[in-house]
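**Student:**
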Amino acid sequence: MAIQQAAGIAQSWRTNRAQAYQDYLDDLLDYHEHQTEGTLEEGSQEPIWKEWDVPTLRQTCIQANANVATLEPSHDSTFDYWLQISTLEFRKPLLVPVKLAAYHKEQITDPKTGKVRKLNTSVQLNKREDGWWLTLSYDETIKVQTEPDAPVVGIDVGIANFVTTSDGKHYGTFHGKLRERQKRDREKRRRKAKLRKCLEKKGVQKLPSTSNKSGKRLIRHVRQEINRAVNQCFKEHQGCQFAYEHLSVATMKHKARAMNAYMRAANLAHLPEQIAWNAAKRGVQATRVKSAYSSQECSMCHYVDRANRPNQQTFCCRVCGYRAHADLNAAMNIQRRVGDLALQACKDRKAVKSLLMQRHEAWRKQHGWP
Ligand SMILES: [Zn+2]
Numbered sequence: 581m582a583i584q585q586a587a588g589i590a591q592s593w594r595t596n597r598a599q600a601y602q603d604y605l606d607d608l609l610d611y612h613e614h615q616t617e618g619t620l621e622e623g624s625q626e627p628i629w630k631e632w633d634v635p636t637l638r639q640t641c642i643q644a645n646a647n648v649a650t651l652e653p654s655h656d657s658t659f660d661y662w663l664q665i666s667t668l669e670f671r672k673p674l675l676v677p678v679k680l681a682a683y684h685k686e687q688i689t690d691p692k693t694g695k696v697r698k699l700n701t702s703v704q705l706n707k708r709e710d711g712w713w714l715t716l717s718y719d720e721t722i723k724v725q726t727e728p729d730a731p732v733v734g735i736d737v738g739i740a741n742f743v744t745t746s747d748g749k750h751y752g753t754f755h756g757k758l759r760e761r762q763k764r765d766r767e768k769r770r771r772k773a774k775l776r777k778c779l780e781k782k783g784v785q786k787l788p789s790t791s792n793k794s795g796k797r798l799i800r801h802v803r804q805e806i807n808r809a810v811n812q813c814f815k816e817h818q819g820c821q822f823a824y825e826h827l828s829v830a831t832m833k834h835k836a837r838a839m840n841a842y843m844r845a846a847n848l849a850h851l852p853e854q855i856a857w858n859a860a861k862r863g864v865q866a867t868r869v870k871s872a873y874s875s876q877e878c879s880m881c882h883y884v885d886r887a888n889r890p891n892q893q894t895f896c897c898r899v900c901g902y903r904a905h906a907d908l909n910a911a912m913n914i915q916r917r918v919g920d921l922a923l924q925a926c927k928d929r930k931a932v933k934s935l936l937m938q939r940h941e942a943w944r945k946q947h948g949w950p
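Here the numbering used here is used: the first residue of the sequence shown is 581, the next is one more, and so on.
#1: Whose CA, out of Thr658, His801, Leu605 and Lys870, lies closest to the CA of Leu921?
#2: Considering only their Cβ atoms, is the gap separating Gly734 from Ile855 smaller than 8 Å?
#3: Secondary structure at Phe814, three-state DSSP: helix, strand or coil?
#4: Name the two residues that bound the continuous alpha helix (DSSP H) containing Arg597.
#5: Under 7 Å: does the beta carbon of Tyr873 sit that close to some heavy atom of ligand 1?
#6: Helix or strand or just coil, what does DSSP make of Tyr873?
#7: Counting only the same chain and skipping the five closest in sequence on each side, list residues whose C-beta sits under 8 Å from that of Glu816.
#8: Taking one C-beta from the region 717-730 and one from the region 863-879 each time, how about it: are there three or more such pairs within less than 8 Å?
#9: Is there contact here, the region 668-684 with the region 601-618, by at least three beta-carbon pairs under 8 Å?
#10: Please work out which residues of its chain come closer than 6 Å, Cβ to Cβ, to Gln812, disregarding the five sequence neighbours upstream and downstream, and give them in chain order.
#11: Taking only three categories from DSSP, how would you classify Tyr683?
#12: Can you tell me where the alpha helix (DSSP H) holding His850 begins and where it ends?
#13: Hey, could you find the ends of the alpha helix (DSSP H) Glu621 is sitting in?
#14: In whole angstroms, what is the alpha-carbon distance linking Thr785 and Gln584?
#15: Cβ of Cys896 within 8 Å of Cβ of Arg886?
#16: Looking only at its own chain, which residues have a Cβ that is under 6 Å from the Cβ of Glu709, when we skip the five neighbours before and after it?
#17: Which residue from Phe822, Lys685, Asn700 and Thr701 puts its Cα closest to that of Gln694?
#18: Tell me which residue opens and which closes the alpha helix (DSSP H) that Arg898 is part of.
#19: With a cut-off of 6 Å, give the chain-ordered residues whose Cβ is closer than this to any heavy atom of ligand 1.
#20: Using 8 Å as the threshold, is the region 874-888 in touch with the region 699-706, meaning 3 or more CB pairs across them?
#21: As a quick exercise: from Lys782, Gln599 and Arg594, pick the residue whose alpha carbon is nearest that of His826.
#22: Excluding the 5 residues flanking Leu779 on each side, which residues of the same chain have their C-beta closer than 7 Å to its C-beta?
#23: With Leu539 and Val884 assumed to form a contact (beta carbons below 8 Å), what rounded beta-carbon distance in angstroms separates them?
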């Protein structure tokens, strides 16, 4: 089991690294294009590739299937289940008693039939600070109920606004209270590190711990806020279908410059997942579209240029002069990318850019633009 899992982790690490390297090559190409055209932004530097660190195992997580661990209802004790874990010794399994809280019982009971759902045979065991946690799961099939011609709402995700829709609504933000908390947390960690160093010099044996509980709490809190924002967005757009972007490493980097790596990893990637999950559980159609140039393309005339973004919040087209909140312009582009077969067929960012510029030329002709 452990080897199987390690192989899975190694594989996904390789895939992510390859994706990041491709993003870097795209960035590099972009940079050299601008350089030859002489349109390089002042102060912009050639992108540099930094080799990734090999991941290390910090927390034990056992993902076990029925060959290794089985959960059986208990009939002869006050516990609800017995978790039977196979060991290397023949016929000497570990028997772990499991008692569920009322909340958990409710979660695995089907409200329609009042019966406990059929649990999946695979379970997950995670080692946390306060002991081992058992994760149970069940499958539920929900049919997509969205009408094929339901209006499409484009979703742009970011830090300043967790969710911006193509009809101009914003949901949730990392700014304000959450950012304040992050700053306080960082200060606290700095002070603690300083204190540790000081005590170490003095030869103190028992140093204060390096664990960061408030940081973990903050990450949980940000996730809750993201969930709330996505939920609200779905509630206010009943009868619609959604379009959202696939977040590449490069887009995440671009969107989250102000955050530290830990927060970045924990949160931005969580947004598309939340959108997909919310759509699935409600039976709503949500389509993932290409993200390339969604923030640089003008949603009116398709002109693509980094200079269309004079600052983080503003979009202002250098050709047609269209002006909007930058997230709104991106959301409108994402909305239109559903069913855009020509764009889906593009192999890389370069192909996307040349397609968009072709459309821009067509727009010019159509509007008699000089
Ligand atoms: Zn324009």
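Every residue, glycine too, gets a C-beta built ideally from N, C-alpha and C. In this text, all values refer to a predicted model and were calculated from it rather than measured experimentally.
**Tutor:** In terms of the structure at hand:
#1: In the sequence shown, counting from the first residue as 1, residue 921 sits at position 341. It is Lys870.
#2: Counted from its first residue, the sequence shown places residue 855 at position 275. Counted from its first residue, the sequence shown places residue 734 at position 154. Not in contact: Ile855 and Gly734 (Cβ atoms no closer than 8 Å).
#3: Counting from one through the sequence shown, the residue named residue 814 turns up at place 234. Three-state result, Phe814: helix.
#4: On the sequence shown, position 17 is the one that residue 597 refers to. Counting along the chain, the alpha helix (DSSP H) containing Arg597 begins and ends at Ala582 to Glu617.
#5: On the sequence shown, position 293 is the one that residue 873 refers to. The answer is no for Tyr873.
#6: Start at 1 with the first residue of the sequence shown, and residue 873 comes out as number 293. Reduced to three states, the DSSP call for Tyr873 is coil.
#7: By one-based count along the sequence shown, residue 816 stands at place 236. Lys749.
#8: yes
#9: no
#10: Counted from its first residue, the sequence shown places residue 812 at position 232. Cβ within range, chain order: Tyr751.
#11: Numbered from its first residue, the sequence shown carries residue 683 at position 103. Helix, per DSSP.
#12: Taking the first residue of the sequence shown as 1, we reach residue 850 at position 270. From DSSP, the alpha helix (DSSP H) with His850 extends over His850 to Arg862.
#13: Position 41 of the sequence shown, counted from the start, is the residue given in the question as residue 621. Segment: none, Glu621 is in no alpha helix (DSSP H) and carries neither H nor E.
#14: For the purposes of this step, residue 785 is identified with residue 205 of the sequence shown, where counting begins at 1. For the purposes of this step, residue 584 is identified with residue 4 of the sequence shown, where counting begins at 1. Note on residue identity: the sequence assigns Gln, not Thr, to residue 785. Near 41 Å, if we compare the C-alpha coordinates of Gln584 and Gln785.
#15: For this step, residue 896 is matched to residue 316 along the sequence shown. For this step, residue 886 is matched to residue 306 along the sequence shown. It is not a contact, given that the beta carbons lie outside the stated cut-off.
#16: The count along the sequence shown starts at 1 and reaches residue 709 at position 129. Cβ within range, chain order: n/a, list empty.
#17: Here residue 694 corresponds to residue number 114 of the sequence shown, with the count starting at 1. The question names Gln, but residue 694 in the sequence shown is Gly. The option with the nearest alpha carbon to Gly694 is Lys685.
#18: Start at 1 with the first residue of the sequence shown, and residue 898 comes out as number 318. No alpha helix (DSSP H) contains Arg898, which DSSP labels as neither H nor E.
#19: Cys878, Met880, Cys881, Tyr883, Cys897, Val899, Cys900 and Tyr902
#20: no
#21: By one-based count along the sequence shown, residue 826 stands at place 246. Answer by Cα proximity: Gln599.
#22: Looking up residue 779 in the sequence shown gives position 199. Excluding sequence neighbours, Leu779 sits near Leu787.
#23: In this structure the chain extends from 581 to 950, so residue 539 is not present and cannot be described.
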